[in-house]
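Number of protein chains: 6
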Amino acid sequence: MFIKDLKVGEEVTAFYLVKSKNVKTSSANKPYIDFTLQDITGEVNAKLWDAKGDLEALYNPGEIVKVQASVTQWQQSVQLKIIKIRQSEDSDQVDYDNFIPTAPIDAETMYNEILYYINKMDSADMKKLVLAVLESYKTELLYYPAAKSNHHAIKSGLLYHIIRMLRSAEALSGIYKNINPDLLYAGVILHDMEKINEMDATEAGVVETYTKEGQLLGHIIMGIKRIDRIAEQLNVDSELSLLIQHMILSHHYEPEFGSPKKPLIPEGELLHYIDMIDARMYDMNKALKDMDDEQFTDPVFVLDRRRLYKSKYSKSE
Amino acid sequence: MFIKDLKVGEEVTAFYLVKSKNVKTSSANKPYIDFTLQDITGEVNAKLWDAKGDLEALYNPGEIVKVQASVTQWQQSVQLKIIKIRQSEDSDQVDYDNFIPTAPIDAETMYNEILYYINKMDSADMKKLVLAVLESYKTELLYYPAAKSNHHAIKSGLLYHIIRMLRSAEALSGIYKNINPDLLYAGVILHDMEKINEMDATEAGVVETYTKEGQLLGHIIMGIKRIDRIAEQLNVDSELSLLIQHMILSHHYEPEFGSPKKPLIPEGELLHYIDMIDARMYDMNKALKDMDDEQFTDPVFVLDRRRLYKSKYSKSE
Amino acid sequence: MFIKDLKVGEEVTAFYLVKSKNVKTSSANKPYIDFTLQDITGEVNAKLWDAKGDLEALYNPGEIVKVQASVTQWQQSVQLKIIKIRQSEDSDQVDYDNFIPTAPIDAETMYNEILYYINKMDSADMKKLVLAVLESYKTELLYYPAAKSNHHAIKSGLLYHIIRMLRSAEALSGIYKNINPDLLYAGVILHDMEKINEMDATEAGVVETYTKEGQLLGHIIMGIKRIDRIAEQLNVDSELSLLIQHMILSHHYEPEFGSPKKPLIPEGELLHYIDMIDARMYDMNKALKDMDDEQFTDPVFVLDRRRLYKSKYSKSE
Amino acid sequence: MFIKDLKVGEEVTAFYLVKSKNVKTSSANKPYIDFTLQDITGEVNAKLWDAKGDLEALYNPGEIVKVQASVTQWQQSVQLKIIKIRQSEDSDQVDYDNFIPTAPIDAETMYNEILYYINKMDSADMKKLVLAVLESYKTELLYYPAAKSNHHAIKSGLLYHIIRMLRSAEALSGIYKNINPDLLYAGVILHDMEKINEMDATEAGVVETYTKEGQLLGHIIMGIKRIDRIAEQLNVDSELSLLIQHMILSHHYEPEFGSPKKPLIPEGELLHYIDMIDARMYDMNKALKDMDDEQFTDPVFVLDRRRLYKSKYSKSE
Amino acid sequence: MFIKDLKVGEEVTAFYLVKSKNVKTSSANKPYIDFTLQDITGEVNAKLWDAKGDLEALYNPGEIVKVQASVTQWQQSVQLKIIKIRQSEDSDQVDYDNFIPTAPIDAETMYNEILYYINKMDSADMKKLVLAVLESYKTELLYYPAAKSNHHAIKSGLLYHIIRMLRSAEALSGIYKNINPDLLYAGVILHDMEKINEMDATEAGVVETYTKEGQLLGHIIMGIKRIDRIAEQLNVDSELSLLIQHMILSHHYEPEFGSPKKPLIPEGELLHYIDMIDARMYDMNKALKDMDDEQFTDPVFVLDRRRLYKSKYSKSE
Amino acid sequence: MFIKDLKVGEEVTAFYLVKSKNVKTSSANKPYIDFTLQDITGEVNAKLWDAKGDLEALYNPGEIVKVQASVTQWQQSVQLKIIKIRQSEDSDQVDYDNFIPTAPIDAETMYNEILYYINKMDSADMKKLVLAVLESYKTELLYYPAAKSNHHAIKSGLLYHIIRMLRSAEALSGIYKNINPDLLYAGVILHDMEKINEMDATEAGVVETYTKEGQLLGHIIMGIKRIDRIAEQLNVDSELSLLIQHMILSHHYEPEFGSPKKPLIPEGELLHYIDMIDARMYDMNKALKDMDDEQFTDPVFVLDRRRLYKSKYSKSE
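Chains as they are written, first to last, in numbering that gives the first Met the number 0: chain A, 0 to 316; chain B, 0 to 316; chain C, 0 to 316; chain D, 0 to 316; chain E, 0 to 316; chain F, 0 to 316.
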């Protein structure tokens, strides 16, 4: 049974992926385990009150477990009270991918779509620079999410974010002729790339922590340093390198969101809006897709606590 | 000679359109006329010091005059000191259109492109409503600007704004499948329509003043009232009318820019960003198009006083 | 025993009104009911741990129940642990009004006081318009609160809010002769009227939810549309209708509180301040009235978390 | 001829009061005098180009002069070019009061109205304290304005401000029974009293400068110190003194307007709103009273640059 | 065992100081005691479930108790479940000072260091004034903390804050010759002195509550009044008194932090920065001192929720 | 005669340095030159109305001219009307240094003082890194100002800013033992170094323009990139390089002033405050040093338009 279908008062037997695990002590002074379990449809808190054995060794994050549990309610949320638990075995033939929320397009396919856009560039220097950066990140890019908990916090989410932005960039630079598509594509591909070094993520696309450099400098500054060095090594035209650094610097647009400069070129301005559109469309679709028509959502934290409306004219992806 | 080509110290003889005219008194206590003259390339202040005749009757806004003048400098700006002036005559064969900055696409063509998008709508109610509103504004829409002094403050500027937004709307609703194109097109076509009643503009596309209702309520509120009444008259589904009203209400996004509600549906969110993109691309292109490469503009008021950069990779429309 | 007199450690037997009810599951995996009970002096949380029977059907909001309970403490608050519960019966002869906080003046009396002010108006158009709107809302107006949880969130609270503002309006327009009392009275009577359609309230004056149109447009926009239509139907002078719409639009004063325009006429300015005074006097009296002298209240959420002071010179209504 | 009736292009001979005078040097390197002249209807800039004699000694502020001048225009404003000027003489029989904007009620009458309100107080301590403070300021209070350039910047303007606030205080404490009128009257009478020591004003009610203590501490802090000392000398109940100090401290309400604490008692809250109402009604009446109907004013600086509307339903004081 | 060394799952027997105590009722409807216990290394929550005897009389704040308890975990924090508890006895020979976080320098020594700085002043009036104020506060100053929960919330914390600021003042006025050290020392010594009357603290340096005057006026206003009176009594030069009052008024710098005026003299400007430096160095040292290298702290509330970094180059006091 | 001693109405003959020069056209349509002239005491506007010869070639910025001029007044300012002008000749024996505001300490001396602080560092890596950066900038550092128009906008102003900050850093790290002086010194020396590449300045210490990279990235980002590369080349410990980059990134403290991260280490926090103190002491001393006692300055733009007070207790550098 999928997590989103759990009903209070019933009992469930199912496989779930352990997302996090904490050994705690109950008010009766006994150890218990506090889990976050997940499948492709969501997450649920679960308690194993009667925990025995080597609690540190068992049921660790990244493992799949089979649980029998009663579905209870705590405050506004569903919670599992685990009756039985064991680790999954080969004979269970569980498919790991069924437990990890993942972008709807295959990672290699998306990677190749980026290559297609690089190929369309007129400037040889631009091609050379973007390709070199891209290839140096390929391994991680195939599974990295775009964020810890906001938009595109899924496996291959960063790739998916880039791809949809590239498509928008192509469409809009067809309408606005004052845009140099080479610059815009480069900005799209590189703007968030250093999130890979700002956050530590598992191959399941889950961010576990921010890195030391990520906290002290942030992905914007790290990205600028990276472009600066690689462009110099490849002997790329310095104006071109500077413009890309400026686009990375300014793409959050407002100082309080991390950009000390606003865009001074149209490609930087458009990059910002394309980025916003992709994030907002993702978050709104996620909030609305499982709702009934003519209902309002609960306040959505990442959208300024707005309560979105699902009308009878709504569509979902 | 075009206004943008005037050089301090030279003398010029040319036809210009009178944009504004004020009769004033000089420090020597004599009457003089203070003009703003324009042609398709810009505007210039001009003084007629030695003014004779019925000053109130002569050389009024909207008329084309022939002037002989010396080109002087006042503070940072070029100024004309008029030596001779007369009204244009039929025999001059001046073409009025050479003096009025106008959208680069023919107005009727743009109007028909709107009809094309209305035609693509699935919902009969939506078609009926949008068409009724559009047709009721047709006469003014063909020449109205989109603003008094900001983006698209040109003849047929409002139409041009709508057309480019519709094209973006079409492209982006092909990428973001959670968008109902009918709703988005309707929002684009109607979001600024009541600017026609908020501002009084001449047929040359120049806004002269804000109307009483424009100042006391503003085009957002006026637009909502208009949709509300027409939808009722046409018996349009009330949810549909309500959604369009909500999109109009929320399209400025922030309370301090006039929207008491933020968008609660994805189509409203996207409408806002498409609107921003079109305004910003217009303003940036205008600021950069006559610049040399590798130069910064003066601070651009409407872009938070940013000094934009024209790189060697820049393109202009 | 009144709720405000409950003491931790004692036992109580009393009648209370069910304000809300939720069926939940305990940590021991058994169903229980979580109530909010109220009487005229306040509200208290109550738990029925040993719940039997058809829990969905029993003890619903709006019903009066008789409970025997022990008074316990949870965190900083008093809580009831229910020992026995039953629904009230005719033979109990409970008076529903003893359980509902209500404005201190009779609703019909207040309604008539509004009519008295309408009668004093000089302008026949104004009279006609205000009277038509008022009468169309009469049924709901007699019991509607003015808010969900802030000032005047009591039965007939909206009427009480209007009445006290009318009295202030009369007094202040006697002092400030640049005020047209007709306009000010009309603004007072109509400024919040569409709260009746923005919020769904029970006849006990309790708001249960915001309506769809309330969330997508809000009572200010809804009020403007209503005035606009009715004034047109009644053939009211358009300037007069416009001024009232402007007063409704601007009465929250700041964009971030929902007014895209600030008042441009003195009557709108004064309306705002009269509205603020009535709300603040209500909230401050509520916070202070049961306090001892020379004490500070807990932080009052609706007053920016201020801790009010009850001095020995304080008075209560 | 009154200043407000001057017409560009005409010549005028009239008496005016010198408000300010500066001796300057012209571009032709000759001395001239730059005046601000005033009468009861307004102010006008005037130039005496051909200045002879002891320029420092002649035509100083506070003197009345007779001028013959031509009325010219400079930028948007009317300006006088003085042809002849002389000081007024006894034989001219000019009435000084015709040149000074003054509150519409006689100063002694207003002072007595304050005494009337003090007399109504129940608390002997309050009476004693307020009376002592009031009497110590009587001389200045009779002519002081309430501000340098904003509301009530007229002779006896501070008294007029107090009187209208007291009337509002009386009316509103009749409606809101949780208000102690003694406290509110005391707050009204004392809240701005130290403006007398914060600003240096002439007997014509014109503020010339801020004092040293005014700039380093401001009238709010100065007022608190004053009350603190006098209350101690008079042996007034300390709670009462503290409450008045708190009302003075909090009456500007927002930190950025000078109040480090918000009101914690209802009388302080109401004092703030009564103060706002009186200032705003004064400023709005001043901006609108000489306008034609159905016109908007120029942006009014002190009202957040709003352009007020004078409707056909407007009234003026 | 020190509180910072407690480990979940172990049992502890130790003496602790009772910081706060609340008698509550459990879900099983039995009374229990909820303690905050402290020693010199920190604080811990403790529950006495099986509480017997006169619960109001036993184990009150300020007493030292001996407890036997098991160390458990609740949410993210360590908690004690008390097995046995008794009050400390003379024979236990516990040293009260081991339980109270105290400034690292002896109070009398610090007091004498202030006298040393007063002695260095050139101005006799300044010496006289500062000394008089200092001596009038001596008793409380020896143990008062500088805050309820932020920086220097320890016994003698206010003295420690003053001392370190005086040392900075001395060093910086040696570098910046436009600073009058007399004024700066006076400002440092007096800026927070009225915190002693704003907050009620125990002799252990723990703030229990804010006073009435503290809440209605605050220590800045109270300090100004105090200086004003004492300076007058001692016949101190009025300019000097005014400057000190201005420094107290402006030392929080921003209106929203309580200063209605910004510093208008360099000594006031520098006082603000010295104050900030001392507070921030204290808070940062406290947050980092027990951390391992190359770790980030949890978000620190008083430092805008920053997560500080302890590098391998870090030093602790 | 020094510029600060010019008196309106007199005539002057003196040498001044041309700071800027613009050829303009008068209202009589004749060319004239608009100068800014300077000496060590200030700047003055000057007009050469009767300009003859090759105006583009003559009297350019950086040259010293001898002028005979009458001193006139324009608006609030003194202005020179040039009667005669010629370029200075060798025989005039003017000393260039008398015309350029310069830091009060010799540049080489200051440079050596920096070396002294580097020498005190414990960490060999830190020494190596800071020294390498410093030496690479030595030529420009000897004359660069610290800003275009704010604090330390004088010749060698950047050096002077660094030196005074180093002295404060030494003093305060003696008081606050949780500070690593090596890190703090490094931060002080390097925090603004890239201003040298952000702004183009003449050897007279006058900034003429911002560079392209300066406008697109800013000195903070440029400084981080520089440290990053040099540290890598020199094989400096990466944690140390990262900490210095973080200190540069965070030293403006607030996002709206250019720092996307706040300091996460105490040395960064202290660097910010030392930087503020030095800038503010400089600006305040500059504003007050030529004032009479017991006067207020005009509003000082760079100090939030505060009007500073010069008391009789003030000192100047």
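All C-beta atoms, glycine included, are put in the ideal place defined by N, C-alpha and C.
Taking any Cβ of chain A, which residues in the region 211-234 of chain F have a Cβ under 8 angstroms from it, in chain order? 211, 212, 214, 215, 216, 217, 219, 220, 223, 224, 227 and 228
Notebook entry, point to check: Between D/133, D/61 and D/44, which lies nearest to residue 72 of chain D when the distance is taken from Cα to Cα?
Noted result: D/44
Worksheet entry | Where the alpha helix (DSSP H) containing residue 196 of chain F begins and where it ends | 194-197
- Item | Where the beta strand (DSSP E) through residue 10 of chain A begins and ends | 10-24
Q.
With a threshold of 9 angstroms between beta-carbons, can residue 24 of chain E be considered close to chain C, or not?
A. yes
Discussion item. What does the alpha-carbon distance come out to for the pair residue 275 of chain D and residue 250 of chain D?
Written reply: 10 angstroms
### Cβ of residue 259 of chain C within 9 angstroms of any chain I Cβ
The displayed structure is made up of protein chains A, B, C, D, E and F, and chain I is not among them.
Q) Going by other Cβ atoms of all chains shown within 10 Å of its Cβ, with 16 needed for buried, is residue 194 of chain B buried or exposed? A) buried
(Q) If you measure between the beta carbons of residue 36 of chain C and residue 128 of chain C, is that distance less than 9 angstroms? (A) no
Open item on the list: Please return the same chain residues whose Cβ sits closer than 6 angstroms to the Cβ of residue 21 of chain F, not counting the five positions on each side in sequence.
Closed with: 33
Considering only residues of the same chain and omitting the five flanking positions on each side of residue 223 of chain C, which have a CB-CB separation below 7 angstroms?
-> 244, 247 and 248
Going straight from the alpha carbon of residue 56 of chain A to that of residue 201 of chain A, what length do you get?
19 angstroms
*Start and end residues, beta strand (DSSP E) containing residue 36 of chain C*: 30-38
Kindly indicate which three-state DSSP category residue 380 of chain E falls into: helix, strand or coil?
Residue 380 of chain E lies beyond the residue range present for chain E, which begins at 0 and ends at 316; the question has no answer from this structure.
- [ ] Please list the segments of the alpha helix (DSSP H) lying wholly inside the region 237-295 of chain F, counting only runs of 4 or more residues, in order along the chain.
- [x] 237-249 and 265-287
- request: List the residues of chain B whose Cβ lies closer than 8 angstroms to the Cβ of residue 31 of chain D, in chain order.
  value: Chain B residues near residue 31 of chain D: none, gap ~12 angstroms exceeds 8 angstroms.
**Report entry** Cut-off 7 angstroms between Cβ atoms - residues of its own chain near residue 266 of chain F, not counting five sequence neighbours on either side
**Finding:** 178, 179, 182, 183, 186 and 246
Check: Taking 9 angstroms as the CB-CB cut-off, is residue 291 of chain D touching chain C?
Finding: no
Against chain E, does residue 177 of chain F count as a neighbour if the rule is that its beta carbon must be under 9 angstroms from one of theirs?
yes
**OP:** Go ahead and label residue 61 of chain C buried or exposed: buried means 16 or more other beta carbons lie within 10 angstroms of its beta carbon, across all protein chains shown.
**Re:** exposed
For residue 285 of chain E, which option in E/273, E/269, E/309 and E/268 has the closest C-alpha, if you only look at C-alpha atoms? E/309
Quick check on this structure: which residue in B/88, B/18 and B/241 has the alpha carbon closest to the alpha carbon of residue 98 of chain B?
B/18
Within 10 Å of its beta-carbon, does residue 24 of chain B have 16 or more other beta-carbons around it, so buried, or fewer, so exposed?
buried
| request: Taking the CB atoms as reference points, tell me whether residue 151 of chain E and residue 102 of chain E lie closer together than 9 angstroms. | output: yes
**Asked** What is the C-beta distance between residue 264 of chain F and residue 302 of chain E, in whole angstroms, given that I count them as a contact (C-beta under 8 angstroms)?
**Response** Rounded, the Cβ-Cβ distance is 12 angstroms, inconsistent with contact.
What are the residues of the region 260-278 of chain B that lie near chain A, defined by any Cβ-Cβ distance shorter than 7 angstroms? 261, 263, 264, 265, 268, 269, 272, 275 and 276
Rounded to whole angstroms, what is the Cα-Cα separation between residue 214 of chain F and residue 221 of chain F? 11 angstroms
message: Between residue 138 of chain A and residue 67 of chain A, how many whole angstroms is the CB-CB distance? I'm expecting something under 8 angstroms.
response: Wrong, their Cβ atoms sit about 38 angstroms apart, outside the cutoff.
| query | chain C beta carbons: is any one of them nearer than 9 angstroms to that of residue 303 of chain D? | reply | yes
9 angstroms is my cut-off, CB to CB: does residue 312 of chain B come that close to chain F? no
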